[in-house]
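Quick notes on the structure that follows.
Listed below in structure tokens is the structure:
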């Protein structure tokens, strides 16, 4: 038993089930944790320039101490890394390193590294194992769990990819101490999402404790990460391939991805920041449609303000156009028979909706661009 291990959350997918290990200081125990899942003792770590400086040596040391041969590939940092060009460079480098089907890729980084590594694992040699070691709050509570992998295109985010489940997820809460404040804050949006979807009690807890997560309170971080992973694991087990309920995890993302695309993935807007604004837009649409009370939107906006997060597109600091954002949204992965599928509803009661009046949606977007809050 690893002493630093605080909680293990199972993801129940039959013969592809795996565990999410959550702990404080797990990087030092990485080798002990992953060796039982390796088909042969060779791991290729994929990370980015920022994370490599902070955590690559510790990860390599732990793996090598467990008798694992380790190689590493270091990619540029940032959302722009999830491109065809970088994916080609990554797969070519893996083949140069002699990556075999029984080797394991290890994603050491945030959501970008997890997504591109998982996609490489899904297609290289027609399928390799991979392990997620997320180093951002966003990746720990969302993108590292569930097997969604992919890269971006000029038409939108994650439009090319595959479902490919990891063999294990190892979450070391200590790495959050090395995150830039903006990255930690952006990741918090994905934590709030779980409360808004179907757990109003968790949202109530976040209203009281959300600031503690951002200021490094380990107990609050551990509770929020575990609660989020449990919610994600439950939904993924019910709907692995997003045929139904899993779409609820995209609350705010249809709007947020459009904002990110308009910012050209250049760092002007982080994914979590876009999601936070997008969830405000989704709640605004819900209120105007009469499927959520005005109080829910007021509470959410007040919570964003209390944790110093953006709530409107006007705060991004970039000129935007509602019609252009709608065009981006029309490329969303959830588009069905030409219609955009929205995740809407009151706090704790999200559901998917089709046939939404796009003039109403456009009005909400325009108000957000202009900085108007209901």
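Numbering (the working numbering), first residue to last: 4 to 377.
Note that the Cβ used here is the ideal one computed from N, Cα and C, for glycine as well.
Item to check | contact_flag[the stretch 342-357, the stretch 312-327] where n(CB pairs < 8 Å) is 3 or more | outcome: By the Cβ criterion, the stretch 342-357 is not in contact with the stretch 312-327, since fewer than three pairs of Cβ atoms, one from each stretch, lie closer than 8 Å.
Checklist entry - Span of the alpha helix (DSSP H) holding residue 292? => result Counting along the chain, the alpha helix (DSSP H) containing residue 292 begins and ends at 274-292.
Checklist entry - Going along the chain, which residues of its own chain have a beta-carbon closer than 7 Å to the beta-carbon of residue 156, five neighbours each way excluded? => result 162 and 163, listed in sequence order.
Next on the checklist: Taking 7 Å as the limit between beta carbons, can you name the residues of its chain near residue 244, skipping five residues before and five after?
Outcome noted: Excluding sequence neighbours, residue 244 sits near 166.
Item to check | Cβ-based neighbour list, residue 97, same chain, cut-off 8 Å, excluding 5 preceding and 5 following | outcome: These residues qualify, in order along the chain: 47, 76, 108, 123 and 127.
Checklist entry - Helix, strand or coil: which one does DSSP assign to residue 205? => result Residue 205: helix per DSSP, three-state reduction.
Next on the checklist: Can you look up residue 1 in the DSSP assignment and give me helix, strand or coil?
Outcome noted: Residue 1 lies beyond the range of the chain shown here (4 to 377); nothing can be said about it.
Checklist entry - Short check: CB of residue 306 to CB of residue 159, under 8 Å? => result No, the Cβ-Cβ distance between residue 306 and residue 159 is not below 8 Å.
Item to check | residue 268 in three-state terms, based on DSSP | outcome: Of the three classes helix, strand and coil, the one that applies to residue 268 here is coil, per DSSP.
Checklist entry - Hey, out of 116, 27 and 238, whose CA is closest to residue 51's CA? => result Here the closest residue by C-alpha is 116.
Checklist entry - From the DSSP output, which residues share a beta bridge with residue 50? => result The partner list for residue 50 (beta bridge, DSSP) reads 77.
Item to check | CB contact flag (residue 316, residue 267, <8 Å) | outcome: At a Cβ-Cβ threshold of 8 Å, residue 316 and residue 267 do not count as neighbours.
Item to check | Run of the beta strand (DSSP E) containing residue 11, from where it starts to where it stops | outcome: From DSSP, the beta strand (DSSP E) with residue 11 extends over 8-14.
Item to check | Test item: CB-CB of residue 172 and residue 24 under 8 Å | outcome: Taking the C-beta atoms as reference points, residue 24 is found nearer than 8 Å to residue 172.
Item to check | Where the alpha helix (DSSP H) through residue 366 begins and ends | outcome: It spans 361-372 - the alpha helix (DSSP H) in which residue 366 sits, taken as one unbroken run.
Checklist entry - Distance, Cα to Cα, residue 184 vs residue 217? => result Rounded to the nearest angstrom, the two C-alpha atoms are 8 Å apart.
Checklist entry - Given that a residue counts as buried once 16 or more other Cβ atoms are within 10 Å of its Cβ, and exposed if not, what is residue 143? => result So residue 143 ends up on the buried side.
Checklist entry - Taking the alpha-carbon positions, what's the residue 363 to residue 151 distance? => result Separation of residue 363 and residue 151 (C-alpha to C-alpha, rounded to the nearest whole angstrom) is 31 Å.
Item to check | Rounded C-alpha distance that separates residue 92 from residue 125 | outcome: Each residue's Cα considered, the two are about 16 Å apart.
Item to check | Nearest to residue 29 (by Cα), restricted to the options 332, 11 and 296 | outcome: Looking at the Cα atoms, 11 is the closest of the given residues.
Next on the checklist: Starting from residue 327, trace the alpha helix (DSSP H) in both directions and tell me its first and last residue.
Outcome noted: 325-332 is the extent of the alpha helix (DSSP H) around residue 327.
Item to check | DSSP-derived helix/strand/coil call for residue 171 | outcome: Shown here, residue 171 sits in a strand according to DSSP, grouped into three states.
Item to check | Inter-stretch contact (C-beta, 8 Å, three-pair minimum) for the stretch 253-263 and the stretch 293-304 | outcome: Look at the beta carbons and you see the stretch 253-263 not touching the stretch 293-304: under three pairs across the two are nearer than 8 Å.
Checklist entry - For residue 207, which option in 354, 350 and 375 has the closest C-alpha, if you only look at C-alpha atoms? => result If we check each option's Cα against that of residue 207, 350 comes out closest.
Next on the checklist: Does the stretch 29-40 come into contact with the stretch 245-258, if we say contact requires no fewer than three beta-carbon pairs (one atom in each stretch) closer than 8 Å?
Outcome noted: Because the criterion of three Cβ pairs below 8 Å is not met, the stretch 29-40 and the stretch 245-258 do not touch.
Checklist entry - Measuring CA to CA, which of 353, 131, 63 and 145 is closest to residue 111? => result Comparing Cα positions, the closest option is 63.
Next on the checklist: I need the DSSP call for residue 182, collapsed to helix, strand or coil.
Outcome noted: In the structure shown, residue 182 sits in coil (DSSP, three-state: anything other than H, G, I, E or B).
Checklist entry - Within 10 angstroms of its Cβ, does residue 90 collect 16 or more other Cβ (buried), or is it exposed? => result By the Cβ neighbour-count rule, residue 90 is buried, with 16 or more other Cβ atoms within 10 Å of its own.
Checklist entry - So what does DSSP say about residue 242, is it helix, strand or coil? => result Coil at residue 242, not helix or strand.
Checklist entry - What three-state label does DSSP hand residue 116 in the structure shown? => result The answer is helix: DSSP assigns residue 116 an H, G or I state.
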